[in-house]
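Just so you know, the numbering used here puts 34 at position 34 of the sequence shown, and the rest follows in order with no gaps. For glycine and all other residues, C-beta sits at the position ideal for the given N, C-alpha and C.
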Amino acid sequence: TLWGWLGAPEVGLLKLAQGPVIRQASVEAHVVQESIAPLRHLADCVRGFDEWFGVYPLLAFPVRVYDRGELSGFLRPRKADLLPGKDYGMYVDLGAYGVPRPVKAGM
Numbered sequence: 001t002l003w004g005w006l007g008a009p010e011v012g013l014l015k016l017a018q019g020p021v022i023r024q025a026s027v028e029a030h031v032v033q034e035s036i037a038p039l040r041h042l043a044d045c046v047r048g049f050d051e052w053f054g055v056y057p058l059l060a061f062p063v064r065v066y067d068r069g070e071l072s073g074f075l076r077p078r079k080a081d082l083l084p085g086k087d088y089g090m091y092v093d094l095g096a097y098g099v100p101r102p103v104k105a106g107m
């Protein structure tokens with residue numbers, strides 16, 4: 001497009017143009033939630049997200065989490081989640097972004 005070279009708009013500037021009704025709706029009626037869990041728990045996570053939020057589609061992408069011992073930081077795999085013979089475990093990052101089912105239903 002003609003304006004494509006400008007790149008993505010600054011979110012802060014877009015928020016300035018929102019009226020109070022839209023601002024309130026985006027804060028009170030919108031879910032933004034991500035969770036990282038071992039890949040073997042993906043089905044349980046999807047069921048939980050459906051029960052809690054009812055927002056679709058869900059964002060799901062794989063994450064390889066390495067065990068770096070003391071250097072692992074706040075996200076480290078449990079020993080039970082390491083792949084056999086590897087120093088990492090496979091996890092999934094699941095995200096829900098949108099209007100939750102109860103809000104859509106008027107609850």
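- Residue range 42 to 52 is occupied by the alpha helix (DSSP H) that includes aspartate 50.
- Around the beta carbon of tyrosine 56, a 10 Å sphere encloses fewer than 16 other beta carbons of the protein chains shown; the residue is thus reported as exposed.
- In this model, tyrosine 66 and glycine 48 are separated by some 26 Å (Cα to Cα).
- With fewer than 16 other Cβ atoms inside 10 Å of its own Cβ, phenylalanine 61 counts as exposed.
- The beta carbon of aspartate 87 sits closer than 7 Å to those of Tyr66, Asp67, all from its chain and outside the five residues before and after it, given in chain order.
- Excluding its 5 nearest sequence neighbours in each direction, glutamine 18 has no C-beta neighbour in its own chain below 6 Å.
- Straight through space, the alpha carbons of leucine 39 and leucine 16 are spaced by roughly 40 Å.
- Valine 92 places its beta carbon 8 Å or farther from that of alanine 43.
- Across the structure, tryptophan 52 and arginine 101 are spaced so that their CA atoms are roughly 9 Å apart.
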